[in-house]
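A.B. asks:
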Amino acid sequence: MSSIWENYNTENAYDELMHSEFQPRAVSYNLCQYLNTLNKEDIDKRKTAAELAIMEMGITFTVYSDEGNIDRAWPFDIIPRIIDAKEWHIIERGLKQRLSALNYFISDVYDKQSFIKEGLIPDDIINSSKNFRKECIGMKPRHNVWANICGTDLVRDRDGMMYVLEDNLRVPSGVSYMLENRVITKRVFPELLQDINILPIDDYPTQLLEMLSSIAPNQNGRPQIAVLTPGIYNSAYFEHAYLAQQMGAQLVEGCDLMVDDDDCVYMRTIEGPEKVDVIYRRIDDDFLDPEVFRKDSVLGVPGLMRAWQAGNVALANAPGAGVADDKVVYAYVPEMIRYYLNEEPILPNVETYLCSHNEHLDYVLAHLAELVVKPANESGGYGMLVGPHSTAKEVEAFRKVILKNPRNYIAQPTLAISTSPTLCKDILEPRHIDLRPFILQGEKTFVTAGGLTRVALKKGSLVVNSSQGGGSKDTWIINREND
Amino acid sequence: MLSRSAERLYWLARYLERTENLARLVSVHMNLLMDLPKGVEMGWQQLIHINGCQEAFHEHYKLAQERNVTRFLLTDPGHRNSLFSCLSLARENIRTTRELLPDEAWEQVNELYLYTKKHLDSVSSRRMRVLFLNEILEGCQRFTGLLSGYMSHDHPYHFILLGRNIERADMTSRILDLSSLLLSESRSNEMRQYESLLWMNVLQSLNALLMYRRHVRSRIKGDDVLNYLILDSALPRSINCCLYEMADAIGKLPNHDKLPEDVADLKDFVLSIDTRQTTQLQLRNILDQLQTKLAFLHERIANNWFLAHSVDDAVIQQEQKAN
């Protein structure tokens with residue numbers, strides 16, 4: 001093999017592309033063949049071309065620090081991650097099944113609560129969830145779907161199985177980077193994409209638009225759709241603008257909207273107020289409407305909840321959908337699938353210990369140094385403990401944090417999450433990765449072909465979040481049957 | 001179209017126009033100073049005067065010589081009307097409106113910004129500065145061409161035209177204000193000797209020299225030049241032409257209220273100017289009035305179409321990050 005594979009070591013985890021140092025998996029055979037025709041200098045040229053494209057296209061995310069906001073170029077690794085279409089189709093079914101059950105569950109929580117009444121989940125888990133919104137009780141969003149857009153994080157363990165790590169049902173981000181990653185790969189490896197049968201992904205904005213149209217309160221005519229962003233200082237602003245542009249929707253901030261006495265939502269335009277039918281909101285519940293939630297919010301729209309409750313505007317995701325985006329509730333998803341769908345889960349959960357549960361708590365406290373402990377309601381990889389990568393002091397400090405509020409913590413075994421070859425300086429090294437596919441549910445259900453592969457760029461690190469030194473890769477679902 | 005987007009596109013166009021004007025102004029001035037002997041009362045400080053930023057300049061610099069003035073006008077991030085600041089603001093405005101423009105428009109402005117950021121230091125060398133300014137001018141022209149070729153000529157486009165032309169009229173009036181010095185009775189004999197060179201420079205800073213030759217077909221004379229730059233109805237940077245473009249854009253926008261009358265009044269005022277009948281002092285007075293009227297027109301446009309600002313920016317920033 002060529003020198004870029006110097007010392008490639010697949011011993012520590014399942015590797016997505018390589019059986020062993022010298023043997024590519026069947027699905028990555030063509031890619032590896034191709035990479036072998038490149039020397040270090042060729043690879044470096046491709047890498048530079050990718051970096052240039054990212055700068056010029058202005059693909060950025062914002063990092064906050066005491067020195068101010070830094071608009072960072074999106075860290076991208078040019079070596080794609082590959083999944084066989086045969087395996088993918090099973091995962092796709094599993095994702096649809098999961099979101100469908102979650103939506104049944106949310107509808108149930110705000111309606112009859114039969115899942116709780118039958119004792120399948122303790123009621124205090126729901127009542128103490130900060131994402132349970134009593135204002136939503138009795139609401140019936142169109143198609144009975146509350147979480148219209150979901151980003152589910154998947155990881156592959158040493159055994160080669162894909163596990164669901166978490167379901168992001170509030171305002172999941174990353175899909176624009178998935179789309180832009182493919183654009184860059186097409187620029188960097190045009191010869192390669194022509195020869196390999198990769199499932200296309202660029203219909204996402206169309207699918208999103210169709211889904212959003214399908215939830216409009218009034219199904220006559222073309223609905224007015226708006227993407228509600230917190231604004232330019234939000235770390236995902238690039239994505240909000242990108243999606244609005246690709247869908248031909250309006251990108252609005254809270255100050256652009258108002259709710260009139262007729263409980264309808266209007267945009268302030270140069271022609272006067274214009275009615276809005278569907279809002280793809282990228283603002284958390286807390287900030288959505290100062291009349292109902294946080295009073296001091298300047299990002300939201302006073303009266304928005306009123307308009308939604310009156311059925312005059314559709315919000316995606318619906319307020320309150322976050323009740324199922326809670327790492328404690330996560331543990332009950334397999335049971336939801338059995339209960340609501342009468343099916344066995346296709347995608348397994350990672351084994352989860354609930355600190356609210358006395359027996360589990362004892363186990364967790366006794367095995368802190370081996371486990372990953374996460375807060376139930378945080379995102380972005382903040383506030384968590386990775387036992388094996390922490391000092392004894394950190395572990396002890398975290399023990400106190402858990403004991404203060406056990407309900408707020410869950411623990412999972414530290415997985416040996418899979419690796420994929422990643423360009424480090426001028427050679428390939430294995431780096432840990434995960435996968436975030438995006439699932440849309442409205443009238444129909446749709447799953448992206450693949451998703452956003454995030455990669456922990458630091459050697460040995462398991463944290464893939466872009467805010468914490470993670471990067472991303474293009475994700476190829478390859479159909480080998482037509483090869 | 002959202003009021004907020006209208007405002008940002010208007011400012012995008014103003015800042016890009018300002019960027020282009022600054023680049024041309026410095027570039028033409030540089031050429032002129034290479035031709036003039038030392039000691040003529042036309043130096044680097046004139047550029048500071050044109051841009052009306054004497055105070056801001058002297059807060060940070062002592063001497064108005066080449067190095068300081070070019071740094072101040074082109075690359076100083078602390079000066080809010082430097083070329084780099086204008087380009088940064090243009091980029092912020094397009095970043096928040098990119099969904100209304102062709103894809104390439106954002107990439108074009110972003111590339112130009114990245115180029116400028118990378119070459120900030122090179123403007124201290126005269127040779128590098130020439131290349132730098134050319135790149136800026138070409139970049140701005142590409143942007144203008146791109147919009148005229150790819151963008152639907154709809155409301156967003158008309159706000160861009162509005163911003164571009166009000167900025168243009170403002171810059172032209174500033175250049176004229178300064179050039180009126182050339183009519184001063186007290187000007188030195190040396191200056192009189194180089195007069196036609198100086199008037200050519202005025203025309204060139206508005207890219208109007210060739211057009212002047214074709215249309216006026218006379219020796220280059222001060223009052224002819226002034227009349228041409230104020231009143232000509234075909235030259236894109238004449239004040240009359242800018243007003244015509246603005247009237248056209250305003251007429252095509254909804255809810256324009258009394259704005260067409262406002263522009264018509266301004267036009268009457270401009271058309272009544274005859275530089276052949278005015279003294280230098282009167283002319284300066286007229287140009288001052290013109291600038292005040294342009295500022296008033298901007299206020300009227302903002303009140304009519306843009307959002308009223310009520311919340312403190314710092315509070316908004318804080319919350320956007322937290323979300």
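Read top to bottom, the protein sequences are chains A and B.
Just so you know, my numbering puts 138 at position 138 of the first sequence, and the rest follows in order with no gaps.
Just so you know, my numbering puts 144 at position 144 of the second sequence, and the rest follows in order with no gaps.
Positions of the beta carbon are idealized from the N, C-alpha and C atoms, including for glycine.
1) In the DSSP assignment, find the unbroken alpha helix (DSSP H) run with glycine 149 of chain B in it and report its ends.
2) Tell me, to the nearest whole angstrom, how far the beta carbon of leucine 428 of chain A is from that of threonine 422 of chain A; I am working on the premise that it is less than 8 Å.
3) Could you check whether the Cβ of aspartate 256 of chain A sits closer than 8 Å to any Cβ belonging to chain B?
4) Name the chain B residues whose beta carbon is nearer than 8 Å to that of arginine 268 of chain A?
5) Considering only residues of the same chain and omitting the five flanking positions on each side of glycine 322 of chain A, which have a CB-CB separation below 7 Å?
6) Tell me the rounded alpha-carbon separation between asparagine 36 of chain A and glutamine 108 of chain B.
7) So, under 8 Å CB-CB, glutamate 190 of chain B and valine 26 of chain B are touching, yes? Tell me the CB distance rounded to an integer number of Å.
8) Spatial neighbours of serine 173 of chain B within its chain, please: CB distance less than 6 Å, with the 5 preceding and 5 following residues excluded, ordered by chain position.
9) Along the region 250-279 of chain B, where does the CB come closer than 8 Å to a CB of chain A? Name the residues.
10) Tell me where the alpha helix (DSSP H) around alanine 244 of chain A begins and ends.
11) Please confirm whether glutamate 138 of chain B has its beta-carbon closer than 8 Å to some beta-carbon of chain A.
12) Using 8 Å as the limit for Cβ to Cβ distance, is tryptophan 11 of chain B near chain A?
13) Note down the Cα distance separating arginine 80 of chain B from glutamate 59 of chain B, rounded to an integer number of angstroms.
14) Return no unless some Cβ of chain A is closer than 8 Å to the Cβ of histidine 298 of chain B.
15) Which residues in chain B sit within 9 Å of leucine 517 of chain A, going by Cβ to Cβ distance?
16) Which of the three DSSP states, helix, strand or coil, is assigned to asparagine 349 of chain A?
17) What would DSSP say about aspartate 296 of chain A, mapped onto helix, strand or coil?
18) Within this structure, are the beta carbons of tryptophan 11 of chain B and glycine 163 of chain B separated by less than 8 Å?
19) Quick check: the Cα distance between methionine 1 of chain A and leucine 368 of chain A, rounded to an integer number of angstroms?
20) Note down the Cα distance separating threonine 352 of chain A from alanine 331 of chain A, rounded to an integer number of angstroms.
21) Checking the sheet assignment: what are the DSSP bridge partners for glutamate 166 of chain A?
22) Give the list of continuous alpha helix (DSSP H) stretches no shorter than 4 residues that lie fully inside the region 177-225 of chain B.
23) Of the residues A:Ala147, A:Phe22 and A:Ala307, which one's Cα is nearest the Cα of glutamate 291 of chain A?
24) At what residue ranges does the region 33-74 of chain B contain a whole run of the alpha helix (DSSP H), taking only runs of 4 or more?
25) Please list, in chain order, all residues of the same chain as glycine 251 of chain B whose beta carbon is under 8 Å from its beta carbon, the five residues on each side excluded.
26) Compute the Euclidean distance between the alpha carbons of leucine 457 of chain A and serine 466 of chain A, then round it to the nearest angstrom.
27) For a test of the three-state rule: what should DSSP assign to proline 375 of chain A, helix, strand or coil?
28) So, for glutamate 20 of chain B: in the same chain, excluding its five sequence neighbours on each side, which residues have a beta-carbon less than 8 Å away from its beta-carbon?
29) How far does the alpha helix (DSSP H) with cysteine 355 of chain A in it reach, from first residue to last?
30) Looking at chain A, is there any beta carbon in it that lies within less than 8 Å of the beta carbon of leucine 114 of chain B?
31) Would you please verify whether the beta carbon of isoleucine 225 of chain A is less than 8 Å from any beta carbon of chain B?
32) Does the region 57-73 of chain B touch the region 235-254 of chain B, meaning 3 or more C-beta pairs lie closer than 8 Å?
33) So if I threshold CB-CB distances at 7 Å, which residues from the region 59-76 of chain B count as touching chain A?
34) What residues in the region 95-123 of chain B bring their beta carbon closer than 7 Å to a beta carbon of chain A?
35) Would you say methionine 153 of chain B faces chain A, with C-beta separation under 8 Å as the test?
36) By the three-class DSSP mapping on this structure, what secondary structure does phenylalanine 296 of chain B have?
C.D. replies: So, to answer that:
1) First-last of the alpha helix (DSSP H) with glycine 149 of chain B: 126-150.
2) The C-beta distance from leucine 428 of chain A to threonine 422 of chain A rounds to 7 Å, short enough to fall under 8 Å.
3) At least one chain B Cβ lies under 8 Å of aspartate 256 of chain A.
4) Chain B residues near arginine 268 of chain A: Leu2, Ser3, Arg4 and Leu307.
5) Answer for glycine 322 of chain A: Asn131, Leu169, Arg170 and Asp285, listed in chain order.
6) Straight-line Cα distance between these residues: approximately 36 Å.
7) Between glutamate 190 of chain B and valine 26 of chain B a beta carbon distance of about 24 Å is seen, past the 8 Å cut, so the two are scored as non-contacting.
8) Closer than 6 Å at the Cβ level, and outside the excluded window around serine 173 of chain B, lie Leu287, Leu290 and Gln291.
9) Listed by position, the residues of the region 250-279 of chain B near chain A (Cβ gap below 8 Å) are Leu253, Pro254 and Asn255.
10) Per DSSP, alanine 244 of chain A belongs to the alpha helix (DSSP H) from 237-247.
11) Answer no: the Cβ-Cβ gap between glutamate 138 of chain B and chain A never drops below 8 Å.
12) Answer no: the Cβ-Cβ gap between tryptophan 11 of chain B and chain A never drops below 8 Å.
13) The alpha-carbon atoms of arginine 80 of chain B and glutamate 59 of chain B are separated by roughly 13 Å.
14) Closer than 8 Å: no.
15) Since the displayed chain A opens at 1 and closes at 483, residue 517 of chain A lies outside it and no answer follows.
16) Strand, per DSSP.
17) Assigned with DSSP and collapsed to three states, aspartate 296 of chain A falls in coil, not helix or strand.
18) Against a cut-off of 8 Å, the Cβ pair of glycine 163 of chain B and tryptophan 11 of chain B comes out as a contact.
19) Bear in mind that a pLDDT of 46 at methionine 1 of chain A, under 50, signals an unreliable position, so the number given afterwards is only what the model happens to contain. One C-alpha to the other measures close to 42 Å.
20) Our two residues, threonine 352 of chain A and alanine 331 of chain A, have alpha carbons roughly 6 Å apart in a direct line.
21) Answer by DSSP bridge pairing, in chain order: A:Asp153.
22) Fully contained in the region 177-225 of chain B are the following alpha helix (DSSP H) runs of length 4 or more, in chain order: 189-193, 195-205 and 209-216.
23) For the options A:Ala147, A:Phe22 and A:Ala307, the alpha carbon positioned closest to that of glutamate 291 of chain A is the one of A:Ala307.
24) Listed in chain order, they are 45-50, 54-60 and 66-70.
25) These residues qualify, in order along the chain: Pro260.
26) Their backbone Cα atoms lie some 10 Å apart in a straight line.
27) DSSP places proline 375 of chain A in strand when its eight states are reduced to three.
28) Ile136, Leu137, Cys140 and Gln141, listed in sequence order.
29) Premise fails: cysteine 355 of chain A is in no alpha helix (DSSP H) and is neither H nor E.
30) By this cut-off, leucine 114 of chain B is an interface position.
31) No, isoleucine 225 of chain A lies away from the interface with chain B (no Cβ there is under 8 Å from its Cβ).
32) With fewer than three CB-CB distances shorter than 8 Å, the region 235-254 of chain B does not count as touching the region 57-73 of chain B.
33) Residues of the region 59-76 of chain B with a C-beta atom less than 7 Å from some C-beta of chain A do not occur.
34) Within the region 95-123 of chain B, the residues whose Cβ lies closer than 7 Å to some Cβ of chain A are Arg95, Thr96, Arg98, Glu99, Trp106, Glu107, Asn110, Glu111 and Leu114, listed in chain order.
35) Before going further, note that residue 153 of chain B is histidine rather than methionine in the sequence given. For histidine 153 of chain B, the answer is no, since every Cβ of chain A falls outside 8 Å of its Cβ.
36) DSSP places phenylalanine 296 of chain B in helix when its eight states are reduced to three.
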